[in-house]
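Engineer: Got a structure here, written out as structure tokens. Questions coming.
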Amino acid sequence: MRIMDITDFFTSPRYVLALVVIVFTIWYMRRKRYSKPLPPGPTPWPLIGNLPLFVQKGIPFHKVAKMLQGKYGNIVKVHAGPATLIFLMGKETVHKATHEMNDKFKYRPTNIFLIKHIFQNKGILFSNGEVNSALRKYALGTMREFGVGKRSLEERIQEEAGILCQVLESKNGQPSYFMNNFKMAASNIIAGIVYGNRFEYDDPVFKRLLSDIDTLFKNGSLTLPENFLPLLRFLPGSRLKKLEEQFKDLESYARTQIEDHRTTFDPENVRDFVDMFLKMEGSGDPFMTEDNLHRVIVELFNAGTDTTANTIVWGILLLITYPDTQKKLRAEILKVVGTERYIRLEDKRNMPYLRAFLDEVQRFSGVAPQTPPHTVLEDTEFEGYTIPKNSNVIFILFTLLHDADVWGDPDNFRPERFLNDAGEYVELNKDSFIPFSAGGRSCIGKHLARMELLLFFGTLVQKFEFKAPPGADLPSLERIQSGVTCQTKPYDICAVPFSQ
Ligand code: HEM
35 MRIMDITDFF TSPRYVLALV VIVFTIWYMR RKRYSKPLPP GPTPWPLIGN
85 LPLFVQKGIP FHKVAKMLQG KYGNIVKVHA GPATLIFLMG KETVHKATHE
135 MNDKFKYRPT NIFLIKHIFQ NKGILFSNGE VNSALRKYAL GTMREFGVGK
185 RSLEERIQEE AGILCQVLES KNGQPSYFMN NFKMAASNII AGIVYGNRFE
235 YDDPVFKRLL SDIDTLFKNG SLTLPENFLP LLRFLPGSRL KKLEEQFKDL
285 ESYARTQIED HRTTFDPENV RDFVDMFLKM EGSGDPFMTE DNLHRVIVEL
335 FNAGTDTTAN TIVWGILLLI TYPDTQKKLR AEILKVVGTE RYIRLEDKRN
385 MPYLRAFLDE VQRFSGVAPQ TPPHTVLEDT EFEGYTIPKN SNVIFILFTL
435 LHDADVWGDP DNFRPERFLN DAGEYVELNK DSFIPFSAGG RSCIGKHLAR
485 MELLLFFGTL VQKFEFKAPP GADLPSLERI QSGVTCQTKP YDICAVPFSQ
């Protein structure tokens, strides 16, 4: 009998069919079985998964997620290269994951290259377990100690708002894009808490650090190709390499500041976040290491700059688009604060319109449209599906902030929705209004950010009328997303001082 040659084998339909059946049977038998099905989602391509969905030019990540929600429901599985992403959307789903099942969903994944390579299990943002709990507690406690909710920080923010106003005033009402100034103002508030000082706006070091933060925010996303093909980082122009360099630059600046603090440290006079650390260093707490301190400092600057500045830019765009809102806001500020003093935190209770405006800006803009990835440490049954161990679980906050069933007309900007018939401010739809997320990994800067937004906006609207440049169309309300946050398209504004 002739020994069959390989060509015969592949040209015989019977043998090919037999091979397919064998391969399929082996795959079927070895395939992981789950007690509940995996969530539905679009069919992935070999190797690249569903990446083409996310790299469509001009279509932000949250829009793709919303489109998938319409097709598959509130829990959707997609593949970014080899990584499994699970999107959780809608009020009930996200509420369950952040409350009843918070203990399962409060972890961050450690198998993504960017996280493994740059962040490791250090700092707050991408750490887990005891490291995360200890550093969250330290950061929250120290931010409270150094003024969040207190007069000392209120004065710092008022001072920064005053300096910001001088910059705006120096433009004499001429068109300008103030994004960088807003970033400087937000970043200086963190610098005050962390280092006890502020940077001048023309300081080249400050500009460099802000540019580092910008790069991290624009590129530090799950869909970075190096996450799936780490070798790409050795190619010229690799974004991961740039990210790494800029992260190191921010850390090395933090290191020099810590060294400076060491030389003047006085345990009887703890001045700021770094001093507090120096006091606790050596206390026996295994997480109070200098490595963790660098990381936390960089994270506070990163997380607190772009998010807050983008919210201010959105707010001003909305003031320009809705001049009646701007008028009402100014009328309230004049009535409660007048023109001779700065707005104070305690004015808040007499300013329902400002509070409603700020909530609506956060709801409408969805500056953080999705959370960074969470994960589950074991296969987890959730709402009739299995969430596989180590998958990247992302809460799409935008779907809650823009849920038509909750808000009625989510795409309209309407601060009045946060006012009752008597014109009093009401906290509305608390389970859906979660711009800072919820549960065990929710934003630790929430109170600081809300304090800044109140004082910055109160001061800006007190001092300026914001308008589109003469003859220009109103800027677009379209959202763009290059990286973590949702931004406006760049637009020029005229900030006309009321004294003119
Ligand atoms: C308008 C401004 C801000 C918005 C919209 C915002 C939003 C968020 C969101 C959505 C998360 C993810 C939560 C999750 O994964 O479930 C987060 C996490 C975080 N935010 Fe903010 N944030 C803002 C300002 C700030 C500020 C000012 C700081 C610093 C002082 C800050 C520090 C952090 C940190 C450290 C985390 C990580 C928490 C963890 O993983 O345990 N954020 N923020």
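According to our numbering, the sequence shown is numbered sequentially starting from 35.
Using N, Cα and C, we set each Cβ at its ideal position, and we do this for glycine too.
Alpha carbon to alpha carbon, how far is K66 from M35? Give it in angstroms, no decimals.
Structural biologist: As a working note, residue 35 is residue 1 in the sequence shown. As a working note, residue 66 is residue 32 in the sequence shown. For M35, the pLDDT reaches just 45, beneath the cut-off of 50, and the residue's location in the model is therefore unreliable, although a value from the coordinates is still provided. Whole-angstrom Cα-Cα distance: 42 angstroms.
Engineer: Please name the residue, chosen from I109, F88, L87 and P80, that lies closest to E417 on a Cα-to-Cα basis.
Structural biologist: Start at 1 with the first residue of the sequence shown, and residue 417 comes out as number 383. That would be I109, whose Cα lies nearest to the Cα of E417.
Engineer: Taking C-beta to C-beta, are F605 and Y376 nearer than 8 angstroms?
Structural biologist: Given a span of 35 to 534 for the chain in the structure shown, any question on residue 605 remains unanswerable.
Engineer: Distance check for E278 and R289, CA to CA, integer angstroms please.
Structural biologist: Within the sequence shown, residue 289 is the residue found at index 255, counting from 1. Within the sequence shown, residue 278 is the residue found at index 244, counting from 1. Cα to Cα, R289 sits roughly 16 angstroms from E278.
Engineer: In the DSSP assignment, the alpha helix (DSSP H) including A472 goes from what residue to what residue?
Structural biologist: Working through the sequence shown from its first residue, we reach residue 472 at position 438. Unbroken run through A472: none, as it is neither H nor E.
Engineer: Could you compute how far the alpha carbon of V427 sits from the alpha carbon of R451?
Structural biologist: Looking up residue 427 in the sequence shown gives position 393. Looking up residue 451 in the sequence shown gives position 417. Roughly 31 angstroms separates the two Cα atoms.
Engineer: Beta-carbon within less than 7 angstroms of V440's beta-carbon, same chain only, minus the 5 sequence neighbours each way: which residues are those?
Structural biologist: Numbered from its first residue, the sequence shown carries residue 440 at position 406. So the qualifying residues of the chain are K125, N463 and S466.
Engineer: Please decide whether Y419 counts as near chain B, where near means a Cβ-Cβ distance under 8 angstroms.
Structural biologist: No chain B is present in this structure, which holds just one protein chain.
Engineer: Could you pull out every residue in the same chain whose Cβ sits closer than 7 angstroms to the Cβ of W348, ignoring the five residues on either side in sequence?
Structural biologist: Residue 348 sits at position 314 when you count from the first residue of the sequence shown. Here the set comprises V395, S399, V401 and T522.
Engineer: Spatial neighbours of K480 within its chain, please: C-beta separation below 6 angstroms, excluding the five flanking residues on both sides.
Structural biologist: To locate residue 480, count along the sequence shown from 1; it is residue 446. The residues are F470.
Engineer: Looking only at its own chain, which residues have a Cβ that is under 6 angstroms from the Cβ of I224, when we skip the five neighbours before and after it?
Structural biologist: Working through the sequence shown from its first residue, we reach residue 224 at position 190. Excluding sequence neighbours, I224 sits near L334, F335 and G338.
Engineer: Flag N84 as yes when its Cβ comes closer than 7 angstroms to any non-hydrogen atom of the ligand FMN, and as no otherwise.
Structural biologist: The model depicted lacks the ligand FMN and carries the ligand HEM instead.
Engineer: Can you tell me whether DSSP reads H295 as helix, strand or coil?
Structural biologist: Counting from one through the sequence shown, the residue named residue 295 turns up at place 261. Reduced to three states, the DSSP call for H295 is helix.
Engineer: Quick one: using the 10 Å Cβ neighbour count with 16 as the cut-off for buried, is P171 buried or exposed?
Structural biologist: Residue 171 sits at position 137 when you count from the first residue of the sequence shown. In the sequence on display, residue 171 carries Lys and not Pro. The residue in question, K171, is exposed, as its Cβ has fewer than 16 Cβ neighbours within 10 Å.
Engineer: P71: which of A168, K361, D283 and I421 sits nearest, CA to CA?
Structural biologist: Counting from 1 along the sequence shown, the entry for residue 71 is found at position 37. That would be I421, whose Cα lies nearest to the Cα of P71.
Engineer: Using only alpha-carbon positions, find the residue among R178, L244, A506 and D300 that is nearest to A483.
Structural biologist: By 1-based counting over the sequence shown, the position of residue 483 is 449. The shortest Cα separation from A483 among R178, L244, A506 and D300 belongs to R178.
Engineer: Heavy atom of the ligand HEM less than 7 angstroms from the Cβ of H408, yes or no?
Structural biologist: In the sequence shown, residue 408 corresponds to position 374, counting from 1. Because some heavy atom of the ligand HEM lies under 7 angstroms away, the Cβ of H408 counts as near it: yes.
Engineer: Consider the C-beta atom of T59 and the heavy atoms of the ligand HEM; say whether any pair is separated by less than 7 angstroms.
Structural biologist: In the sequence shown, the residue the question calls residue 59 occupies position 25. It does not: the Cβ of T59 is nowhere closer than 7 angstroms to a heavy atom of the ligand HEM.
Engineer: Heavy atom of the ligand HEM less than 7 angstroms from the Cβ of L334, yes or no?
Structural biologist: Against the sequence shown, residue 334 aligns to sequence position 300. Checking every heavy atom of the ligand HEM against the Cβ of L334, one is found closer than 7 angstroms.
Engineer: Looking at C-alpha atoms only, which residue of T249, T297 and V228 is the closest neighbour of S181?
Structural biologist: In the sequence shown, residue 181 corresponds to position 147, counting from 1. The question names Ser, but residue 181 in the sequence shown is Gly. It is V228.
Engineer: According to DSSP, R118 sits in a beta bridge with which residue or residues?
Structural biologist: For this step, residue 118 is matched to residue 84 along the sequence shown. Reading off the sequence shown, one finds Thr at residue 118, where the question assumed Arg. Its beta-bridge partners are H113.
Engineer: For W79, list the residues DSSP reports as bridge partners.
Structural biologist: Position 45 of the sequence shown, counted from the first residue, corresponds to residue 79. Beta-bridge pairing links W79 to G83.
Engineer: Use the C-beta contact count for Q404: other C-beta atoms within 10 angstroms, 16 or more gives buried, fewer gives exposed.
Structural biologist: Taking the sequence shown and counting its residues from 1, one reaches residue 404 at position 370. Classification for Q404: buried.
Engineer: CA-CA distance, I56 and R48?
Structural biologist: Within the sequence shown, the letter at position 22 stands for residue 56. Within the sequence shown, the letter at position 14 stands for residue 48. Taking the straight line from one Cα to the other gives about 12 angstroms.
Engineer: Tell me K501's beta-bridge partners as DSSP assigns them.
Structural biologist: If you number the sequence shown from 1, residue 501 lands on position 467. C528, per the DSSP bridge assignment.
Engineer: Taking all protein chains shown into account, do 16 or more other C-beta atoms lie within 10 angstroms of the C-beta of A99, making it buried, or fewer, making it exposed?
Structural biologist: Along the sequence shown, read from residue 1 onward, the residue named residue 99 stands at position 65. A99 should be labelled buried.
Engineer: Is DSSP giving V427 helix, strand or coil here?
Structural biologist: In the sequence shown, counting from the first residue as 1, residue 427 sits at position 393. Three-state result, V427: strand.
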